[in-house]
Amino acid sequence: MIPRARSLAMAVWAAREVQRHPGRSLLLFACLTSLVLIIAIPLLFSHALTLTWTRLMDHTPDLVVRRIDAGGWAPLPADEAVWHAGQVPGALDATPRIWGIATGPDGPVTVVASAAALPDGALNGLRPPAVGEAVVGRAVAEASVDRRLHLRRRDGITLEMIGSFPADSGLVTHDLVWVAPADAQRLFGLMPGQASDLAVYLFREEGAEAVAADLAEAFPWPVNITHRDTALLHRRSRAMGAGGVALLVSVPALLALLWVVAGT
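In short: position in the sequence shown from 1, add 196, done, that's this note's numbering.
Right, here's the structure in full:
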């Protein structure tokens, strides 16, 4: 171990050496700082994105059941789907949902027709919208004109905005539109009594695979069942992939650092 007096003398010598070549030292410092930032920012961002997805997915259903046919997704008979799901032990609170992506005044927006699909704290005293009304997120409110909102998907509808989600829920409600079920069915081309999918909560999350297999056999039509952990894994993979691609930018910086060190 280096004695304290000797280490102090070496620090003084190093400081004098830096002062002898201020330009080169400043360049090396800038190079090292830039390299650390280039490498650290993507890693920190992907980690923060993963944590955010984990927090959001904690409030989602354990299983999501979608009906499929030869053309892909198909509308789900809501009452019949709830009855069949109720026959499976371990499956609780099967809730039909009507939601989807529509074209808004300034790009795609997410349209939901149930308060159960909204995050905790997003209601903040807001009443459910009636037919022809909508509660919107901040981005949608800023893009609307005269408190009127026009949405298009299978059919076009025009709604009157009666409120906005609170600012502290903007992470989830930024481009969200809450409408009445009848308006959502008309927008997405659904018949009365049909839903987009079925949200299922489990008594024990450890038995998700077994319950999913029982659910698939319980319905008289083909279904696709997505587990929350599977969706979370997909989101994490996307976040890590984005961070990995961003790290490729650091390769030229590493070569530049090697060049500077070799020159020094």
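From the three backbone atoms N, C-alpha and C, an ideal C-beta is built for every residue, glycine too.
It should be emphasised that the depicted structure is a prediction, and the values quoted were computed from it without experimental measurement.
Cβ neighbours of residue i in the same chain (closer than 6 Å, five flanking residues each side left out)
{"i": "residue 442", "result": "238"}
{"i": "residue 417", "result": "263"}
{"i": "residue 256", "result": "424"}
{"i": "residue 339", "result": "301, 302"}
{"i": "residue 372", "result": "306, 333"}
Identity of the residue in the options nearest residue i by Cα
{"i": "residue 282", "options": "398, 429, 456, 293", "result": "398"}
{"i": "residue 328", "options": "358, 272, 206, 369", "result": "358"}
{"i": "residue 250", "options": "227, 380, 218, 427", "result": "427"}
{"i": "residue 246", "options": "437, 452, 451, 459", "result": "437"}
{"i": "residue 440", "options": "225, 241, 401", "result": "241"}
{"i": "residue 287", "options": "405, 458, 349", "result": "405"}
{"i": "residue 253", "options": "205, 279, 339, 368", "result": "368"}
{"i": "residue 275", "options": "290, 265, 285", "result": "290"}
{"i": "residue 370", "options": "231, 396, 336, 248", "result": "336"}
{"i": "residue 267", "options": "220, 457, 419", "result": "419"}
{"i": "residue 413", "options": "451, 277, 390, 220", "result": "277"}
{"i": "residue 334", "options": "205, 300, 390", "result": "300"}
{"i": "residue 322", "options": "378, 361, 222", "result": "361"}
{"i": "residue 365", "options": "206, 457, 314", "result": "314"}
{"i": "residue 138", "options": "351, 284, 285", "result": "The structure shown has nothing for residue 138, since the chain only spans 197 to 460."}
{"i": "residue 395", "options": "388, 411, 382, 384", "result": "411"}
{"i": "residue 458", "options": "220, 215, 213", "result": "220"}
{"i": "residue 403", "options": "453, 390, 285", "result": "285"}
{"i": "residue 415", "options": "279, 391, 455", "result": "279"}
{"i": "residue 455", "options": "390, 243, 228", "result": "228"}
{"i": "residue 452", "options": "224, 206, 212, 208", "result": "224"}
Beta-carbon contacts of residue i that lie in its chain and below 8 Å, excluding the five residues immediately before and after
{"i": "residue 408", "result": "259, 421, 423"}
{"i": "residue 356", "result": "328, 329, 330, 343, 344, 345"}
{"i": "residue 376", "result": "309, 324, 325, 326, 327, 328, 329"}
{"i": "residue 380", "result": "294, 295, 296, 307, 308, 309, 386"}
{"i": "residue 401", "result": "258"}
{"i": "residue 248", "result": "367"}
{"i": "residue 450", "result": "231"}
{"i": "residue 341", "result": "301"}
{"i": "residue 265", "result": "417, 418"}
Close beta carbons around residue i, own chain, < 7 Å, minus the five adjacent residues each side
{"i": "residue 393", "result": "260, 261, 262, 272, 293"}
{"i": "residue 383", "result": "298, 307, 347, 349, 350, 351, 353"}
{"i": "residue 378", "result": "327"}
{"i": "residue 389", "result": "273, 274, 275"}
{"i": "residue 218", "result": "none"}
DSSP beta-bridge partners of residue i
{"i": "residue 346", "result": "354"}
{"i": "residue 336", "result": "Answer is none; residue 336 lacks a bridge partner."}
{"i": "residue 369", "result": "Beta-bridge pairing links residue 369 to no other residue."}
{"i": "residue 482", "result": "Outside the displayed span of the chain (197 to 460) sits residue 482, for which this structure offers no information."}
{"i": "residue 273", "result": "390"}
{"i": "residue 234", "result": "In the DSSP output, where bridge partners are listed per residue, residue 234 has none listed."}
{"i": "residue 265", "result": "268"}
{"i": "residue 422", "result": "260"}
{"i": "residue 395", "result": "260, 291"}
{"i": "residue 330", "result": "357, 375"}
{"i": "residue 407", "result": "Paired residues: none, contrary to the question."}
Any non-hydrogen atom of the ligand HEM within 6 Å of residue i CB
{"i": "residue 288", "result": "No copy of the ligand HEM occurs in the structure displayed, which carries no ligand at all."}
Proximity test, Cβ basis, 7 Å: residue i and chain B
{"i": "residue 423", "result": "Looking at the structure shown, chain B is missing, and only one protein chain is on hand."}
Open item on the list: For the pair the segment 300-308 and the segment 334-348, tell me if three or more CB-CB distances fall below 8 Å.
Closed with: yes
TODO: Could you tell me whether the segment 442-452 touches the segment 234-253, where touching means 3 or more Cβ pairs closer than 8 Å?
DONE: yes
TODO: May I ask you to verify whether the segment 428-437 touches the segment 264-275, counting CB pairs closer than 8 Å and requiring at least 3?
DONE: no
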